[in-house]
Amino acid sequence: MSFKLISFCYCIPVLFLNGCDEEVSLFSSSKTPSVAKNENANLPATAIKQKHLVVEGLIEGIVPSHCKRGETAYINAKMQKVIRNPTAKVTYTLKPTDNILSVCVANNNSAITYRYGTEQKIGLEYTATAAQPFGSYYRQIGKVGESILFFNKGNYYYYIINTGGMGSGVSVNVYKNKTLIAEFFSGNEAYNDFVIASNLDLPKSLAIELQPHINTMQ
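Per the working numbering, residue 14 is the first one in the sequence shown, and the count goes up by one each step.
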């Protein structure tokens, strides 16, 4: 079953990134996807005019990207930290950060790489291969559809959530064992907060359909 991206409406999010020591190690450094016939098919006219320029390995575009030459960007998103229940009457707020999430697919279908960090420094990089693939999962919650990629580094689990329908956006949730320790969300505005290549398929050997180990992600 191929892992397809979902399309978006603009609304309010559902919420999700890296990890080690609660927040310190969260950033500790360290489809071919079927390449679309028209990679600009889903971009607005103004966005199509903006060419991607490669500067020291970083692709500059509508949303900055950590994808490199020889890779296709699957997800690029500006990440904000989710702060739960800041007051008795507020469920959550978003605190902007300088971090960018990129999920990049090697043009020869050999790897999918997760990169998270600032434009100057990658905080966490993890590469899925045929020997050690990402898990993938799709779920529907009411009118909200979520396509999920996930992986773990030891007892830290990272869930990258592409949300469509009533809560479009990109989230990263980080768990230590089964305890949620960090949440990040892009915001709801496509082409400003996030860009997703909805015309790409992830290689099946690199994103295998699995059920998440966290019940709340199922």
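All C-beta atoms in this analysis are idealised placements derived from N, C-alpha and C, irrespective of residue type, glycine included. Please read all numbers here as calculations on a predicted model, not as lab measurements.
Distance CB(residue i)-CB(residue j) smaller than 8 Å
i           : j           : result
residue 93  : residue 104 : no
residue 184 : residue 164 : no
residue 191 : residue 154 : no
residue 201 : residue 182 : yes
residue 84  : residue 122 : no
residue 90  : residue 114 : yes
Straight-line Cα distance separating residue j from residue i
i           : j           : result
residue 145 : residue 139 : 11 Å
residue 95  : residue 176 : 16 Å
residue 44  : residue 77  : The predicted position of residue 44 is uncertain, since its pLDDT is 35 and thus under 50; a value taken from the coordinates is nonetheless stated next. The straight-line gap from Cα to Cα measures roughly 20 Å.
residue 213 : residue 87  : 7 Å
residue 208 : residue 116 : 11 Å
residue 205 : residue 112 : 14 Å
residue 101 : residue 118 : 42 Å
residue 97  : residue 107 : 9 Å
residue 75  : residue 230 : 30 Å
residue 222 : residue 127 : 18 Å
residue 195 : residue 79  : 21 Å
residue 81  : residue 224 : 30 Å
Bridge-paired residues (DSSP) for residue i
i           : result
residue 220 : 147
residue 82  : Partner(s): none; residue 82 has no beta bridge.
residue 125 : 118, 141
residue 91  : 113
residue 130 : 113, 135
residue 206 : In DSSP, residue 206 forms no bridge with anything.
residue 213 : According to DSSP, which records beta bridges pairwise, residue 213 is partnered with nothing at all.
residue 106 : 96
Same chain, Cβ closer than 8 Å to residue i, neighbours up to 5 away in sequence not counted
i           : result
residue 220 : 16, 125, 141, 146, 147, 148, 149, 162
residue 168 : 189, 190
residue 157 : 27, 176, 177, 178, 179, 180
Reduced DSSP secondary structure (H/G/I, E/B, other) of residue i
i           : result
residue 229 : helix
residue 142 : coil
residue 195 : strand
residue 156 : coil
residue 183 : strand
residue 99  : strand
residue 173 : strand
residue 75  : coil
residue 162 : strand
Contacting residues, own chain, Cβ-Cβ under 6 Å from residue i (five flanking each side not counted)
i           : result
residue 166 : none
residue 217 : none
residue 152 : 159
residue 170 : 188
residue 37  : With a pLDDT of only 33 at residue 37, under 50, the local geometry of the prediction cannot be trusted, and no value is derived from it.
Beta-carbon proximity list for residue i, same chain, < 7 Å, skipping 5 on both sides
i           : result
residue 193 : 186
residue 99  : 106
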